[in-house]
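What follows is a single structure, written as structure tokens, with notes after it.
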Amino acid sequence: MKKTFFLTAITLLMTLQVVAQNATIKGVVKFKGEAPKPRLISMKADRQCDAIHGGKAVTAEDFVINQNGTLKWVFVYVKEGVKGKYNPPEEPVVLDQQGCWYHPHVFGIMVGQKLEIRNSDPLLHNVHSTPKKNKPFNIGQPVKGMKNIFTFTTPEVMVPFKCDVHPWMSAYAGVLDHPFYGVTNDKGEFEIKNLPPGTYTIEAWHEKLGTQTQSVTVKAGETKTIEFTFERKR
Amino acid sequence: MSEKQSKFHGLLFLFFFIAGIIASVWVVVRNGWWMPELASDRETIDRIFITIFIIAGILFILSELTLSYFVLRYSGSPSRKAFYLPGSTKKEILWSILPGTLVVIILEISAEFLGGASMWGRIHGEVPKDAFLVEITGEQFAWSIRYPGSDGKFGRTDPKLISYENPLGIDITDENAKDDIVFPAGQGILYLPLNHPVVFLIRSKDVIHSPYLPNFRVKQDAVPGMTTRTWFIPKKEGEFELACAELCGLGHYRMKLPVVVKPMEEVQEWLSEQTPAVDLYY
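Note that the protein sequences, when read in sequence, are chains Z and D. FYI, my numbering numbers position 229 of the first sequence as 229, with every residue one higher than the one before it. Start counting at 1 in the second sequence, then tack on 1000, and there's your number in my numbering.
Put into structure tokens, the structure is as follows:
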């Protein structure tokens, strides 16, 4: 009994130490220049989808500028510098089809991690993924509540998803062989946690504005704040 | 075959003709398979359609009844022998000219007296100067829509610029293109002004398609390499549909486009809410 307690304590202490040693990179993705007019999507082409939204148009998510002038849906990840092998987490990433819309629009997933694609709409959707390095798939989900599980075998930034029934539906997945990635939120913030100390190349990917990279060096236990600024090319 | 059997077959011919007519009328009436309520200025089309339908219907019934009568009256009998009928130039000329004249008469009626010719001239002649322009581009299997924006002019397009992002190949360096409002395949709506001339400029990216608006009696082929044109005046407010009327492949049935007719002010307001091309392609 005593021995068990002792061992547990040591393991706990070691874990704490590991966490303490690991660094965090966080920051915001800003937007400079003239903001494009948000694109409105009418779902009148499918009466059921249109009814779900009460006949109102939905704003496209390909270019979302937050109220504070930052960008939403930017995939920020460690492009180079990660050493060692990381196993994918048990819990799946969920891509939900609700209101003839993908939730979320941009997400990260690890190689080998389960991607659960759900249909929460009482109508037909098809999930058509068109990766270049992984195996493409195209599956129909005609009934509400249907679920399909997929996994990716190769890192790829980004894997597009579309629905051939509703051409306005679009989502992107960043597939990586490590867990060091994040997606900017409503305030344009992202966070990459538990990074071992070292020098990394961080890339930010935006659907319309392309990519940007930065080199960042972090020490053990450090939290570094970085910033990306995307500009609209004219 | 005995004479009795032969007569029976003759009666069957007549029976199926009459039963067929009754069944068709019943199916049409029961399912409401008729043209939807007219929503444009093209009442001429309805007039021609109904007139030709009545003329052709009467001719069809008369000729079928004559045929049935002859089949019944001269059905096979053991006492009569089949004989060879040599060709007769006189008769052949007669039965070519007679139906030919009839067709010309029907054409003339529709063209001159029902307004067909003047309508053709109107559609293919000059369009009103202040007309509302929309460009419809067909592709397998959806429609792309483009409005000219506030300047009323469509910008330059180039097939070389066509990409996933820029499906119509719009040249954004052209000043006229900057305010164009573009809806990529399957994402657009035709928003049309009430009681105002609407001009469709119709194009195709691959095969022949045909935008068809049954409520407005409008149908015009989309031919690759050409810009075809048609125009009309919407006369009813509401939501309608555009379908493809040219079998263009497996997804032909999917080429549906919502059509909304509203007063001009509402259409302008809706257009002002949409994103101009300059904010989409750069």
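Backbone N, C-alpha and C fix where the C-beta goes; we use that ideal spot for every residue, glycine too. Computed from a prediction, not measured in an experiment: that's the story for all the values here.
Look at D/Phe1015 here: in three-state DSSP terms it is helix. Rounded to the nearest whole angstrom, the CA to CA distance from Z/Asp186 to Z/Gly174 is 19 Å. Distance from the CA of Z/Glu222 to the CA of Z/Gly84, rounded to the nearest whole angstrom, comes to 20 Å. Between the region 41-52 of chain Z and the region 140-158 of chain Z there are fewer than three inter-stretch CB-CB distances shorter than 8 Å, so the stretches are not counted as touching.
DSSP places Z/Cys49 in the helix class (H, G or I) of the three-state scheme. When DSSP states are grouped into helix, strand and coil, D/Thr1044 belongs to the helix group.
Residue pairing for D/Cys1244: DSSP places it in a beta bridge opposite D/Pro1211. For a Cβ distance threshold of 9 Å, residue set Lys37, Leu40 and Ala57 of chain Z lies close to D/Glu1273, ordered along the chain.
Neighbours of Z/Pro167 in chain D, taken as residues at a C-beta separation under 8 Å, are given in chain order as Ala1142, Pro1184, Ala1185, Gly1186 and Gln1187. In the DSSP annotation of this structure, Z/Pro88 is not part of any alpha helix (DSSP H), being labelled neither H nor E. Look at Z/Lys32: its C-beta is not under 8 Å from any C-beta on chain D.
Within chain Z, Ala45 have C-beta atoms less than 8 Å from the C-beta of D/Lys1256, given in sequence order. For D/Val1104, the enclosing alpha helix (DSSP H) starts and ends at Thr1089 to Glu1108.
In this chain, D/Met1255 is not harboured by any alpha helix (DSSP H), its DSSP state being neither H nor E. Taking C-beta separations shorter than 7 Å and ignoring five residues to either side along the sequence, the partners of D/Leu1014 in its chain run Ser1068 and Leu1072, following chain order.
Among the residues facing chain Z, D/Pro1099 is not included, as its CB has no counterpart in that chain under 8 Å away. When beta bridges are read from the DSSP output, Z/Lys30 appears opposite Z/Thr70 and Z/Thr229. Going by C-alpha positions, D/Gly1188 is about 23 Å away from D/Asp1130.
Comparing alpha carbon positions, the residue from Z/Thr154, Z/Asn119, Z/Ser120 and Z/Gly112 closest to Z/Pro131 is Z/Thr154.
By the Cβ test, the region 1218-1229 of chain D is not in contact with the region 1112-1121 of chain D, since fewer than three Cβ pairs between them sit closer than 8 Å. Listed along chain Z, the residues sitting closer than 8 Å to D/Pro1276 by beta-carbon distance are Lys37. The beta-bridge partner set that DSSP reports for Z/His125 consists of Z/Gln141. Annotated as distal: D/Val1025 and D/Trp1034, with beta-carbon spacing of 8 Å or more. Secondary structure note for D/Ala1117: its alpha helix (DSSP H) is the uninterrupted segment Gly1116 to His1124. For D/Gln1268, no beta strand (DSSP E) segment is defined; the enclosing uninterrupted segment is the alpha helix (DSSP H) at Met1264 to Glu1273. Only Ile1189 from the region 1188-1220 of chain D bring a Cβ to less than 7 Å from some Cβ of chain Z. Assigned with DSSP and collapsed to three states, Z/Asn134 falls in coil, not helix or strand. In the DSSP secondary-structure assignment, D/Lys1219 is bridged to D/Tyr1212. The three-state reading of DSSP puts Z/Thr154 in coil, since its state is none of H, G, I, E or B. Taken atom to atom, the span from the alpha-carbon of Z/Trp101 to that of Z/Ile52 is near 11 Å.
C-alpha of D/Pro1128 to C-alpha of D/Tyr1212: approximately 22 Å in a straight line. Leaving aside the five residues that flank Z/Ala35 on each side, the residues in its chain whose CB is nearer than 6 Å to its CB run, in chain order, Ile65.
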